[in-house]
């Protein structure tokens, strides 16, 4: 009985928590140019059978300390949406690839992905 209970707990932790987040993000990067506005396209998908409210996207570029936010939006059940996140690339940024933390979240869920954004 104890082994069965342990198995059920482990199965719940592995499968229940891994598949619980309703939001999936796909990043399509646009090359950025120092000193100019840049944009990144984010696709968000709600796989739940219920509406998700107050969703926002945050992009944080680690090496630059640059934080960008989308407006909040609601996601109908079993739906997806695409949005653009805009920002101003500082003029002092040298060319290269920069690691970006992209967070899609609301008060109940959080999904994080890391991508690189190219600066020309």
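Residue numbers (my numbering): 6 to 125. Don't be surprised by glycine CBs; every beta carbon is placed ideally from N, CA and C.
List the endpoints of the continuous beta strand (DSSP E) containing residue i.
{"i": "residue 111", "result": "Residue 111 -> no beta strand (DSSP E), and no H or E assigned at all."}
{"i": "residue 123", "result": "115–124"}
Hey, residue i and residue j are a contact pair by Cβ (cut 8 Å); roughly how many whole angstroms apart?
{"i": "residue 119", "j": "residue 89", "result": "About 19 Å separates the two Cβ atoms, so there is no contact after all."}
{"i": "residue 95", "j": "residue 73", "result": "Their Cβ separation, rounded to whole angstroms, is 12 Å, which puts residue 95 and residue 73 out of contact at 8 Å."}
{"i": "residue 93", "j": "residue 125", "result": "Not really, about 15 Å apart at Cβ, beyond 8 Å."}
{"i": "residue 57", "j": "residue 48", "result": "Actually they do not touch by this definition, with Cβ atoms about 15 Å apart."}
{"i": "residue 59", "j": "residue 77", "result": "5 Å"}
{"i": "residue 98", "j": "residue 39", "result": "4 Å"}
Exercise. On the three-pair Cβ rule with 8 Å, is the stretch 49–69 touching the stretch 99–111?
Worked result: yes
Problem set entry | Segments assigned beta strand (DSSP E), at least 3 residues, entirely inside the stretch 31–107 | 42–51, 57–66, 71–74, 78–80 and 84–93
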